Amino acid sequence: MGYRFDVPGLNKALKAQDLEESNKIYNKLPQDSQQPEILQSHIYNLAVMIVRNHAERVFGIHLVHGHSGTLSNTVLLGANYDKPYCRWAKSTVIRAVDLSSVHGHIFILTGHGFHPYEYQTGPLPDLSGIDNAFLPELAEYLTTNKLSKLVGLQVIDPHPTCMLELILPQGTIMLDSSVLKGCVPTRQTGWKFESKDGEPRVCQANESHGQTATRHEIYNKGDPHPRLETFQDLKHALVEAGILCL
1 MGYRFDVPGL
11 NKALKAQDLE
21 ESNKIYNKLP
31 QDSQQPEILQ
41 SHIYNLAVMI
51 VRNHAERVFG
61 IHLVHGHSGT
71 LSNTVLLGAN
81 YDKPYCRWAK
91 STVIRAVDLS
101 SVHGHIFILT
111 GHGFHPYEYQ
121 TGPLPDLSGI
131 DNAFLPELAE
141 YLTTNKLSKL
151 VGLQVIDPHP
161 TCMLELILPQ
171 GTIMLDSSVL
181 KGCVPTRQTG
191 WKFESKDGEP
201 RVCQANESHG
211 QTATRHEIYN
221 KGDPHPRLET
231 FQDLKHALVE
241 AGILCL
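With the numbering used here, the residue at position 48 of the sequence shown is 48, and numbering never jumps.
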């Protein structure tokens with residue numbers, strides 16, 4: 001395949017049609033329960049590759065998956081908040097997205113190259129210290145090992161903690177496990193790497209799906225739920241649900 005390595009939302013400015021393509025990609029993603037495990041041998045090989053290319057401060061890997069899909073003409077756009085530290089990603093109408101102030105967060109290898117299927121507020125990441133060979137080498141590895149639909153490339157959050165993801169109506173919330181009550185990690189979905197004494201190492205602080213006593217979703221499908229328009233709305237709802245400790 002003829003891959004391009006000018007990647008929208010990574011090293012190339014975004015256009016509205018890039019977000020439209022992301023919507024189509026996201027709505028076809030399998031749920032995590034439909035995905036096989038990523039072999040530890042692949043995780044190690046990718047750690048070696050990322051560290052060798054000096055990319056560990058910017059990139060990790062992610063289990064490719066979606067949830068209930070996004071509405072038409074929307075993308076999943078995340079933003080970080082404090083008190084408590086978290087990442088709230090919600091379905092956002094494409095025309096409302098300021099293309100100059102967001103970047104790709106998770107990328108999947110498609111037939112024409114890497115493309116984001118989830119976004120994050122903030123400027124494009126600084127790739128100046130990363131070897132130019134990294135993206136072509138990663139694409140070749142994923143293609144050769146038939147991993148392009150299983151392993152995604154993620155722009156990592158440098159926050160050094162274990163984060164648990166829970167499902168909201170039309171979005172997700174990723175929270176530090178220390179502020180959650182009655183939630184346990186289930187499946188790991190994100191991996192970060194580091195170089196220690198010149199050797200690649202898988203970090204302990206990573207991302208996992210979280211689960212309450214009964215489910216991954218905070219609210220049952222079809223049940224009434226509060227309007228979540230602001231971060232204060234979200235915090236109040238999580239406290240009321242008995243999940244968040246403040």
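Cβ coordinates follow ideal geometry from the N, Cα and C atoms, glycine included.
Please read all numbers here as calculations on a predicted model, not as lab measurements.
Review point. Run through DSSP, which three-state label would Pro136 get?
Key: Position 136 of the sequence shown, counted from the start, is the residue given in the question as residue 136. In this structure, Pro136 counts as helix in the three-state DSSP scheme.
Review point. Would you call the CB atoms of Leu127 and Asn11 closer than 8 Å?
Key: The sequence position of residue 127 within the sequence shown is 127, counting from 1. The sequence position of residue 11 within the sequence shown is 11, counting from 1. Yes; because the gap between Cβ atoms is below 8 Å, this pair is in contact.
Review point. In angstroms, rounded to a whole number, what distance separates the CA positions of Ile43 and Asp157?
Key: For the purposes of this step, residue 43 is taken as residue 43 along the sequence shown, with counting starting at 1. For the purposes of this step, residue 157 is taken as residue 157 along the sequence shown, with counting starting at 1. Going from the Cα of Ile43 to the Cα of Asp157 covers about 18 Å.
Exercise for review: Return the chain-ordered ranges of every alpha helix (DSSP H) run that is complete within the stretch 99-183 and spans a minimum of 4 residues.
Suggested key: 134-144
**Study point:** Simplified DSSP state of Val48, which is helix, strand or coil
**Key:** Taking the sequence shown and counting its residues from 1, the one referred to as residue 48 is at position 48. In the structure shown, Val48 sits in a helix (DSSP, three-state: H, G or I).
Check your understanding: So what does Ile61 bridge to, in DSSP terms?
Key -> Residue mapping note: residue 61 aligns to position 61 of the sequence shown, counting from 1. According to DSSP, Ile61 bridges with Leu153 and Trp191.
Check your understanding: Would you call the stretch 14-24 and the stretch 37-56 touching, i.e. three or more CB-CB distances under 8 Å?
Key -> no
Exercise for review: With a threshold of 16 other CB atoms inside 10 Å of the CB of Gly129, please say whether the residue is buried or exposed.
Suggested key: Against the sequence shown, residue 129 aligns to sequence position 129. With fewer than 16 other Cβ atoms within 10 Å, it is exposed.
Point to revise | Proximity winner among His103, Glu140 and Lys90, relative to His112 (alpha-carbon distances) | key: Residue 112 sits at position 112 when you count from the first residue of the sequence shown. It is Glu140 whose Cα lies nearest to the Cα of His112.
Check your understanding: Between which two residues does the alpha helix (DSSP H) containing Lys235 stretch?
Key -> Numbered from 1 along the sequence shown, position 235 holds the residue referred to as residue 235. From DSSP, the alpha helix (DSSP H) with Lys235 extends over Phe231 to Glu240.
Point to revise | Span of the beta strand (DSSP E), counted from its first residue to its last, around Asn80 | key: For the purposes of this step, residue 80 is taken as residue 80 along the sequence shown, with counting starting at 1. Start and end: Thr74 to Tyr81.
Practice item. With DSSP as the reference, please indicate the residues paired to Arg87 in a beta bridge. Key: By 1-based counting over the sequence shown, the position of residue 87 is 87. DSSP, once it has assigned bridges, lists Asn80 and Met174 as partnering Arg87.
Point to revise | Three-state class that DSSP yields for Arg95 in the structure shown | key: Position 95 of the sequence shown, counted from the start, is the residue given in the question as residue 95. In this structure, Arg95 counts as helix in the three-state DSSP scheme.
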